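Throughout the sequence shown, residue numbering follows my numbering, covering 1110 to 1191 in sequence.
We put the beta carbon where it would ideally sit given N, CA and C, even for glycine.
All values derive from a computational prediction rather than experimental measurement.
Only one structure is covered here, and it is reproduced in the block below.
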Amino acid sequence: MCELVVRLSSGKEIPINEDTLAIIYKYVRSEFMLESLARDLGLENWEEAYEFIKKLPSWIAWTPSSFFEYTKRKICSEEVKE
1110 MCELVVRLSS GKEIPINEDT LAIIYKYVRS EFMLESLARD LGLENWEEAY EFIKKLPSWI
1170 AWTPSSFFEY TKRKICSEEV KE
């Protein structure tokens, strides 16, 4: 099965899974500092967290987790066809 990831300039890859989605939802829906986001995602500092947010497709942050799984399966099945 394919996995959606966000690649940072430092070479780190952050997979977009249920745990990551929970952290993203907490960040976009509340007063969550970039330092806290970096800590929860296991990043070095707030600058990596900022880069992660800039590279994260916005539809992921605002899509309910159940619909995200459906969309992810659809994206992955299209990759297999190509």
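| Query | Result |
| --- | --- |
| Close beta carbons around PHE1141, own chain, < 7 angstroms, minus the five adjacent residues each side | LYS1135 |
| Reference LEU1143; option with closest CA among TRP1168, PHE1161, SER1167, GLU1178 | PHE1161 |
| Backbone CA spacing between ARG1148 and ILE1132 [nearest angstrom] | 10 angstroms |
| Range of the contiguous beta strand (DSSP E) that encloses GLU1122 | 1122-1124 |
| Distance CB(VAL1114)-CB(GLU1122) smaller than 8 angstroms | yes |
| Candidates LYS1164, SER1118, ILE1125, SER1145, of which the one nearest GLU1112 by Cα | ILE1125 |
| 4-residue-minimum alpha helix (DSSP H) runs that sit fully inside the segment 1115-1176, ordered along the chain | 1127-1138, 1143-1150, 1155-1164, 1167-1171 |
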